[in-house]
Amino acid sequence: YPDYRGVPVIGAWTWLEKYRLGVATEVDVAQAYRPLVILQRTFWGLYFLLGVSAVAIFVFTIIVARLRREAQEAAIEAKQLGQYTLEEKIGAGAMGEVYRGYHAMLRRPTAVKMLNLDLVNDASIARFEREVQITCKLNNPHTVAIYDYGRTPEGVFYYAMEYLDGVDLQTLVERYGPQPESRVIHILSQMCSSLFEAHSQGLVHRDIKPANTMLNHRGGEPDFIKVLDFGLVKALDDEKQAKMSSVGSLTGTPLYMSPEAIQTPNAIDARSDLYAVGAVGYFLLTGRPVFEARNIVELCNLHVSAAPDPPSQKTAQSISAELENALLSCLEKSLAKRPQTARDLANLLRRSPAAGDWSVAEADAWWRRHSREIHVDQRSPALNAESLKTSHGPLSEGSQPGPLGSAGEDLGENFDRTIIG
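Using our numbering, you'd call the opening residue of the sequence shown number 73 and step up by one each time.
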């Protein structure tokens, strides 16, 4: 309030009862608030320094990240990752890149798979390491072999695997059409061999499909199968992984997913892989998937509730009743009605009169006819690996991406996301 001078002041008073006396005092506002002004200016100065520091840290972080990225790119451009010399890039995808190379000392041809520099975080590194560690546990000759895993001083994560100079089953059918029954049995039997070992160790692949299976001419043996991409593999007793998978999580490839993988993905077992093997066999024989649909929701509903047409109705070639029954048993909705193990399925395949008819001579002749065109489009296991998968956008009942379901189209890509709705 203004005093008798008209100057703003702050006043205070008190009554001293003992003396029956009141005491009052007044201080100019400017004088009273002078210490607070100093404090206020000090705080503003601190805020300014904090802001400048935050900007400096942000800029410094960007510069360091850019320099680190440049160092990583320089290491790749230098064609050297640890003990591996890179020759040429042979594949790329959402999660990483693949180079053909060789070990500096052993001179062994190798496929080197690197984690995408833009995706280096705790989750991607953990998944990358998990794929390596799980695959390294498997020794079956029909499972892709991992040679090495490492991280360069520049921070590039990579692993080296055997280089497969062949063709994946998706490309095989797209390029050369449906395969004869005897060859299909030969291929599926080798897939069963790989999966039986994985299942015996409590592992479920979860993403068996034509694009994850390579047909090779290896070690003088034609039509040698290699099962790839264990990036989505699930350990049946892995409680930690189960907790990480939320309710409604859908992992796999829609064209080859079992009903239980769609409805209760955390409750799947080895028989879910056998459903996918049956779907792969169906595709090899007919050139068409088990179900064709307009969108992913419709396709999933078909896998859950619709009975597949017998493959003999979708191809002009003759198919034995034994093979057809074996494939349809794999595609049963009920787990109990499917073959219980990969070895059981292999035994069913052997009942076909065409089992064993695909001879080495026939396979050799096929490779002689087509080896040149296959080598022009050389493929590696990592080209189809989990880290090179395409993720579909949000799934909804109204999604209409157009007619899907034919070989190699959208529904054949890996799908690892949560169902909406």
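We put the CB at the ideal spot given by N, CA and C, even for glycine.
As the structure is a computational prediction, the values presented were derived from the model and not from experiment.
Given alanine 378, which residues of its chain have a CB within under 7 Å of its CB, disregarding the five upstream and five downstream residues? Phe363
Can you look up histidine 464 in the DSSP assignment and give me helix, strand or coil? Low per-residue confidence applies at histidine 464: pLDDT is 37, beneath 50, and the placement is therefore not dependable enough to give any value.
Reduced DSSP secondary structure (H/G/I, E/B, other) of tyrosine 219: strand
Inter-stretch contact (C-beta, 8 Å, three-pair minimum) for the stretch 260–273 and the stretch 371–387: no
Whole angstroms are fine: how far does the CA of isoleucine 257 sit from the CA of alanine 435? 13 Å
Histidine 175 and valine 299 closer than 7 Å at C-beta: no
Among Arg440, Thr358 and Thr157, nearest to arginine 180 - alpha-carbon criterion: Thr157
Inter-residue Cα distance where the pair is glycine 353 and glutamate 234: 25 Å
Whose CA, out of Glu98, Leu93, Trp85 and Ala84, lies closest to the CA of arginine 77? Glu98
Is it the case that the Cβ atoms of valine 184 and tyrosine 230 are separated by a distance below 7 Å? yes
Where does valine 276 fall in DSSP's three states? strand
Is glutamine 385 helix, strand or coil by DSSP? helix
Which two residues bound the contiguous beta strand (DSSP E) that contains threonine 182? 181–187
Going by DSSP in three states, glutamine 242 sits in which element: helix, strand or coil? helix
Local Cβ density within 10 Å of asparagine 211, reported as buried at 16 or more and exposed below that: exposed
If you draw a straight line from the alpha carbon of cysteine 34 to that of glutamate 332, how long is it in whole angstroms? The question about residue 34 has no answer, for the chain in this structure spans 73 to 493.
Is the stretch 393–410 touching the stretch 340–358 in the sense that three or more CB pairs, one from each, lie closer than 8 Å? yes
Can you list, in chain order, the residues of its chain whose CB lies under 7 Å from that of valine 204, leaving out five sequence neighbours each side? Ile218, Tyr221 and Tyr231
With a cut-off of 7 Å, does the C-beta of glutamate 169 fall near any C-beta of chain D? Here there is only one protein chain, and chain D is not present.
Nearest to leucine 267 (by Cα), restricted to the options Ala283, Val216 and Glu445: Val216
In terms of alpha-carbon separation, which member of Glu160, Thr224, Arg255 and Cys208 lies closest to serine 424? Arg255
Report the rounded CA-to-CA distance for serine 330 versus arginine 202, giving the unit in angstroms. 24 Å
For alanine 348, tell me which candidate among Leu327, Asn367 and Leu244 has the shortest Cα-Cα distance. Leu327
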